[in-house]
Amino acid sequence: MKIVKKINKDNETGARKQLIEELFYDFHKNRYQIYWMNFLRGVYFGFGTVLGGTVVVTFLIWLLGQFSGWLPDSIGHWISLVVDSIQKSSR
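Here my numbering = 1-based position in the sequence shown + 14.
Listed below in structure tokens is the structure:
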């Protein structure tokens, strides 16, 4: 009985894989289209990662600059030095 269930499950899994594969090949006409789409996806993913990281780091530096007056002197001084050095290097 166990072997019959396993065979039925394997047949069902195989049929699902076959259906997904047919849908995939119906959508993509040739391999070069797949390569091109994956290349563009990678480029956009990389660009989005760099842009998002830049925005987050800029926001954190701005936020640290806002809190430099509220924090204890040693931490506030260090934060203001970091913000000043970043502003000087960007000019």
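In this text, a Cβ means the ideal position worked out from N, Cα and C, and glycines have one as well.
Because the structure is a prediction, the values reported are computed rather than measured.
query, result
"Counting beta carbon pairs with one atom in the region 89 to 103 and one in the region 62 to 78, are three or more of them shorter than 8 Å?", "yes"
"Cβ of Gly-90 within 9 Å of Cβ of Phe-81?", "yes"
"Assign Ile-21 to one of two classes, buried (16 or more other C-beta atoms within 10 Å of its C-beta) or exposed (fewer than that).", "exposed"
"Met-51 lies in the alpha helix (DSSP H); which residues open and close that run?", "45 to 81"
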